[in-house]
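Read the structure below first, then the notes.
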Amino acid sequence: MFEHDDDMLTDVTARVAASLKAAVRLDPALDARVMAQVATLPAHRPGGPLGRAWTWLRRPRTVALSPLAGLAAAAGVAAIVFVAARFGSTAATPPAGGDRTPVEFLLVAPRAASVMLVGDFNDWTASATPLHTAAAGGLWAVTVPLAPGRYRYAFVVDGKRWQPDPSAPPAPDDEFGSPSSVVTVGGSL
Amino acid sequence: MGIGEGMSKDAELVRRVLAGDAAAYGGLVAHYRDRLARYAVRMLGDRGDAEEAVQDAFVRAYRSLPRCDDPQRFGPWLFGILVNRCRTSYARRARRERVVLHDEPASLVAAVSSTAERLEWEAEIAWALARLDPLYREAFLLRHVEDLSYDEMATLTGAGVSALKMRVLRACERLRVLLKETDRV
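Structure, rendered in structure tokens:
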């Protein structure tokens, strides 16, 4: 059905595409605004212990196993998956106590007058966790110490506009009817 | 991929940024700004929203740079962040405004009726593009404006190749019908 899809551009749609390919210029100060925001963020550091561990974990490697060893490894993986599913943190609410990790929430909203963070960790209270403008260009930020767990959250812009985090995974089956995002602390995102 | 010319230069800049040289990120911003701007403006139809989306995509890419598995493919990776950001922006605006569309193409055309023929044509295209389903518009722009292959589009959007081909096909058909309404074709 689609074998000729590349030929589907008629004269009309080809003209449309050609017109849309014309360059678009945005505010020349955009670069400076981006770099001003970048300057407020921690610089990347090579070779930290976490970075080295992450690099090591991601490195492709070949493992040779005998059939018996393969069965044993499979059983081990299954056990880990079972334990994680049985006891792993899937609750939307943070566990009480335990070590807390500072988690930074960022939103770029140049035209916003206020931005609040709402989520499982503050009972979705719109006045509890305001973000602050960290630099010119509309970068809003707040750091919240969170115990290990999985949290749903969203931003409230100007007291009325509900906005999920564009860079985070969306929260499934949100009973509130408004989109929210998910952050996992102390586990894989 | 069409996105990512100068990949070895990108890889070098990414390596410098990851080594702590934040200023090197300026080279990546300068390289990709116009490409991202074009897509965001065409997709969102609003310069303010597009600037916000592009700026946000660059900042998020910087923060997530250690997760860019292949520095040579920084361009496609960055573009994927922008595509998702535009989807979020559009969905948010659609909820806010319930998608206010002009039913009369003449209203847009009238705004530029005294200008050159080219501007009138561009206004009609913008009007027609805004009336496309966002998924169709996204597919059309990625395929025929950004010149991506279907495999590349599938990687960026998470949709299957067949679904993307269908979206492009329907976008083309719809554009033809809409532009016919303006008696331009």
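Protein chains in written order, with our numbering: chain E, 1 to 189; chain Z, 1001 to 1185. Where is the CB? At the ideal position from N, CA and C, for every residue including glycine. If you're wondering where the values come from, they're calculated on a predicted model, not measured in any experiment.
Could you confirm whether any beta carbon from chain E is found closer than 8 Å to the beta carbon of residue i?
| i | result |
| --- | --- |
| Z:L1018 | yes |
| Z:A1030 | yes |
| Z:F1058 | yes |
| Z:W1077 | no |
| Z:R1073 | no |
| Z:P1066 | yes |
| Z:L1175 | yes |
| Z:V1041 | yes |
| Z:V1054 | yes |
| Z:W1127 | no |
| Z:V1099 | Here Z:V1099 scores only 40 on pLDDT, less than 50, and its place in the model should not be relied on; the value that follows carries that caveat. With 8 Å as the cut-off, Z:V1099 does not count as an interface residue toward chain E. |
| Z:V1083 | no |
| Z:L966 | Residue 966 of chain Z is absent from the structure shown; chain Z starts at 1001 and stops at 1185. |
| Z:T1088 | yes |
| Z:D1010 | no |
| Z:G1027 | no |
Indicate the three-state DSSP secondary structure (helix, strand or coil) for residue i in the structure shown.
| i | result |
| --- | --- |
| E:G149 | strand |
| Z:C1023 | One point to set straight first is that residue 1023 of chain Z is Ala, not Cys, in the sequence displayed. Helix at Z:A1023. |
| E:A84 | Legend: pLDDT at E:A84 = 35, less than 50; position of this residue unreliable, value from coordinates given subsequently. E:A84 falls in the helix class under three-state DSSP. |
| E:G51 | Residue confidence for E:G51 is low, a pLDDT of 48 falling below 50, so the modelled location carries little weight; the figure read from the coordinates is stated next. In this structure, E:G51 counts as helix in the three-state DSSP scheme. |
| E:L26 | coil |
| E:P179 | coil |
| E:A126 | coil |
| Z:L1175 | helix |
| Z:P1076 | helix |
| E:P166 | coil |
| E:A43 | coil |
| E:L131 | coil |
| E:A171 | coil |
| E:A141 | strand |
| Z:A1091 | helix |
| E:A154 | strand |
So residue i is in the beta strand (DSSP E); what residue range does that whole segment cover?
| i | result |
| --- | --- |
| E:F105 | 101-108 |
| E:V118 | 115-119 |
| Z:Q1055 | From DSSP, Z:Q1055 is part of no beta strand (DSSP E) but of the alpha helix (DSSP H) over 1047-1063. |
| Z:D1015 | According to the sequence shown, residue 1015 of chain Z is Arg rather than Asp. Not the beta strand (DSSP E): Z:R1015 falls in the alpha helix (DSSP H), residues 1007-1018. |
| E:R161 | 161-163 |
Please decide whether residue i counts as near chain Z, where near means a Cβ-Cβ distance under 8 Å.
| i | result |
| --- | --- |
| E:H44 | yes |
| E:P164 | yes |
| E:T129 | no |
| E:S167 | yes |
| E:R33 | yes |
| E:A113 | no |
| E:P110 | yes |
| E:L41 | yes |
| E:G23 | According to the sequence provided, residue 23 of chain E is Ala. The question's Gly does not apply to it. Yes - at least one Cβ of chain Z is within 8 Å of the one on E:A23. |
| E:S19 | yes |
| E:W56 | Low per-residue confidence applies at E:W56: pLDDT is 46, beneath 50, and the placement is therefore not dependable, though the value from the model is reported in the following sentence. Closer than 8 Å: no. |
| E:L30 | yes |
| E:L26 | yes |
| E:L139 | yes |
Within the continuous alpha helix (DSSP H) that includes residue i, where are the two ends?
| i | result |
| --- | --- |
| E:R15 | 11-20 |
| Z:L1135 | 1134-1140 |
| Z:D1151 | 1150-1157 |
Is residue i near the ligand ZN, with its Cβ less than 7 Å from a heavy atom?
| i | result |
| --- | --- |
| Z:D1049 | Only the bare structure without any ligand can be found here, which leaves the ligand ZN out of the picture. |
Legend entry - Contact the region 1048-1066 of chain Z vs the region 1149-1158 of chain Z: 3+ CB pairs below 8 Å: No contact exists between the region 1048-1066 of chain Z and the region 1149-1158 of chain Z.
Inset, instruction - Count the C-beta pairs between the region 1135-1149 of chain Z and the region 24-34 of chain E that are closer than 8 Å, then say yes if the count reaches three, no if not. - result: Touching, no.
Legend entry - Segment contact flag, the region 1061-1072 of chain Z with the region 1114-1134 of chain Z, C-beta cutoff 8 Å, min 3 pairs: Counting Cβ pairs under 8 Å, fewer than three are found: no touch.
Legend entry - Three-pair Cβ contact test at 8 Å for the region 1039-1051 of chain Z versus the region 20-27 of chain E: The region 1039-1051 of chain Z vs the region 20-27 of chain E: in contact.
Inset, instruction - May I ask you to verify whether the region 138-155 of chain E touches the region 1077-1084 of chain Z, counting CB pairs closer than 8 Å and requiring at least 3? - result: No, the region 138-155 of chain E does not touch the region 1077-1084 of chain Z.
Inset, instruction - Spell out a yes or no on whether the region 163-173 of chain E and the region 1012-1020 of chain Z are touching, meaning 3 or more CB-CB pairs, one atom from each, closer than 8 Å. - result: The answer is no - the region 1012-1020 of chain Z does not touch the region 163-173 of chain E, with fewer than three Cβ pairs under 8 Å.
Legend entry - Contact between the region 13-20 of chain E and the region 1119-1132 of chain Z (3+ Cβ pairs under 8 Å): Look at the beta carbons and you see the region 13-20 of chain E touching the region 1119-1132 of chain Z: at least three pairs across the two are nearer than 8 Å.
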